[in-house]
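Engineer:
In my numbering, the protein residues as written are 18 to 368.
What follows is the structure, encoded as structure tokens:
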């Protein structure tokens, strides 16, 4: 609900502003807060740098958690954020009610705790609303947002149907997975089905997402070199999902459409430069079983890119092998990422 987010935002600002102020300028905060009228903190006792900074850190920490809850539409995250806020705010309110600063007049004494009381009341109301509001029903089938493709098949009760394991529907309960899903939707326009499948085991999904993020694009070696090597590994494993999403990623990294079409016969094509040919040779060697990478190939890679970039390329190809084989084993279907980006898929090698 929008007004729940608005309430969380109000609480977050109310915590972050004094918190960052106290952390950035403890003495100024002590002598000036709230910025108009009398200095409330100075009226409460002598300056103590340690206590002012600690208080500011408490405000900033709870404000940050509340700000995350504004962004992440998770009932659990929001409940934890509000509970944490109350742990901080209730004792703070009780102190100011029981110990009004004597140098201040009655009106200003009341103003030292009335905003706190309002914040506590708002947090309690938000918690009650979330407690009584019925959770949205999960659809048994989720329409996929990918352009140009039909919906992903609905999961069966067992999670297994027609030779494939279905991914979770809706948003995951794990807040870190939820954040990853949000980021993926913003970057790709849809949640990768492979992530939905691995989200059945959150610790595995988190490791998978971290690996995907680390190998999203090579940085020590040219991006197009890493992308073409990863896509080639996916085509060798024949992972339909990986070829689909990898094709779109390769074009984004600078791989040409002609290079993608010629990928299965790259040795006979004149569309690849020497750097790409080295990386494609590495992908061929690492994707074979057993994986035997000639020493002279490693030497050539190190000479051309350096040792660090060679490690990056090898781990990128290795990661692609792992996820491609996993996705193929679990029957993860393509989602139309390449079609949405108007990218051609690699042509099949003649048999």
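Yeah, the Cβ is synthetic: ideal placement off N, Cα and C, and Gly gets one too. Computed from a predicted model, the values in this text were never measured in an experiment.
For the alpha helix (DSSP H) containing residue 344, list its first residue and its last residue.
Structural biologist: Counting along the chain, the alpha helix (DSSP H) containing residue 344 begins and ends at 324–347.
Engineer: Using the C-alpha atoms, what's the distance from residue 103 back to residue 369?
Structural biologist: Not covered by the structure: residue 369. The range shown for the chain is 18 to 368.
Engineer: Given a cut-off of 8 angstroms, decide if residue 357 and residue 206 are closer than it, judged by their beta-carbon atoms.
Structural biologist: Yes. Within cutoff.
Engineer: Is it buried or exposed, residue 316, if we count other Cβ atoms within 10 angstroms and call 16 or more buried?
Structural biologist: When all chains shown are included, residue 316 counts as exposed.
Engineer: Looking at residue 39 and residue 76, is the spacing between their C-beta atoms short of 8 angstroms?
Structural biologist: In contact: residue 76 and residue 39 (Cβ atoms closer than 8 angstroms).
Engineer: Check residue 54 in the structure and name its three-state DSSP category.
Structural biologist: Of the three classes helix, strand and coil, the one that applies to residue 54 here is coil, per DSSP.
Engineer: Hey, quick one: how far does the alpha helix (DSSP H) through residue 220 stretch, first residue to last?
Structural biologist: Run containing residue 220: 219–231, per the alpha helix (DSSP H) assignment.
Engineer: Give the single residue among 293, 287 and 286 whose Cα lies nearest to the Cα of residue 246.
Structural biologist: Checked all of 293, 287 and 286; the closest Cα to residue 246 is 293.
Engineer: Using 8 angstroms as the cut-off, can you tell me whether the stretch 276–284 makes contact with the stretch 328–339, which would need three or more C-beta pairs spanning the two stretches below that distance?
Structural biologist: Judged by Cβ distances under 8 angstroms, the stretch 276–284 makes no contact with the stretch 328–339, as fewer than three pairs qualify.
Engineer: Is the CB-CB distance between residue 260 and residue 251 below 8 angstroms?
Structural biologist: Yes. Within cutoff.
Engineer: Among the residues of its own chain, which have a CB less than 7 angstroms from the CB of residue 79, if the five just before and after it don't count?
Structural biologist: So the list reads 32, 101, 102 and 105, once near-sequence residues are dropped.
Engineer: Using DSSP with H/G/I as helix, E/B as strand and the rest coil, what is residue 73?
Structural biologist: Helix at residue 73.
Engineer: For residue 132, which of helix, strand or coil comes out of DSSP?
Structural biologist: If DSSP states are grouped into helix, strand and coil, residue 132 belongs with the helices.
Engineer: Just verifying my parser: in three-state terms, what is the DSSP assignment at residue 289?
Structural biologist: It is coil, neither helix nor strand.
Engineer: Near residue 194, what residues of its chain come up, given a Cβ to Cβ distance below 7 angstroms and the 5 sequence neighbours on each side ignored?
Structural biologist: Cβ within range, chain order: 216, 219, 222 and 223.
Engineer: Quick one: Cα of residue 148 to Cα of residue 115, how far?
Structural biologist: In a straight line, the C-alpha of residue 148 is about 31 angstroms away from that of residue 115.
Engineer: Return the CA-CA distance between residue 108 and residue 28, expressed in angstroms with no decimal places.
Structural biologist: So the two alpha carbons sit approximately 16 angstroms from each other.
Engineer: Can you give me the start and stop residues for the alpha helix (DSSP H) that residue 284 sits inside?
Structural biologist: Careful: residue 284 lies outside any alpha helix (DSSP H) and carries neither H nor E.
Engineer: Quick check: residue 89 and residue 192, are their CB atoms within less than 8 angstroms of each other?
Structural biologist: Contact: yes.
Engineer: For residue 95, count neighbouring Cβ atoms within 10 angstroms of its own Cβ and tell me buried if that reaches 16, exposed if not.
Structural biologist: Result: buried.
Engineer: Is residue 212 near residue 230, with beta carbons less than 8 angstroms apart?
Structural biologist: The answer is no: Cβ separation not under 8 angstroms.
Engineer: Run the CB neighbour count on residue 325, radius 10 Å, all protein chains shown included, and call it buried at 16 or more, exposed below.
Structural biologist: Classification of residue 325: exposed, given that the 10 Å Cβ count is below 16.
Engineer: To which residues of the same chain is residue 43 closer than 6 angstroms at the C-beta, ignoring the five residues directly before and after it?
Structural biologist: Taken in chain order, the residues that qualify are 66, 69 and 70.
Engineer: What does a CB cutoff of less than 6 angstroms around residue 24 pick up in its chain, not counting 5 residues either side in sequence?
Structural biologist: If we look at residue 24 and ignore the five residues flanking it on each side, its Cβ neighbours are 139 and 143.
Engineer: Please state whether the Cβ-Cβ distance between residue 181 and residue 254 is less than 8 angstroms.
Structural biologist: No.
Engineer: Is there a C-beta anywhere in chain D that falls below 8 angstroms from the one on residue 289?
Structural biologist: You won't find chain D in this structure, because it holds only one protein chain.
Engineer: Below 8 angstroms between beta carbons: does that hold for residue 98 and residue 82?
Structural biologist: Yes; because the gap between Cβ atoms is below 8 angstroms, this pair is in contact.
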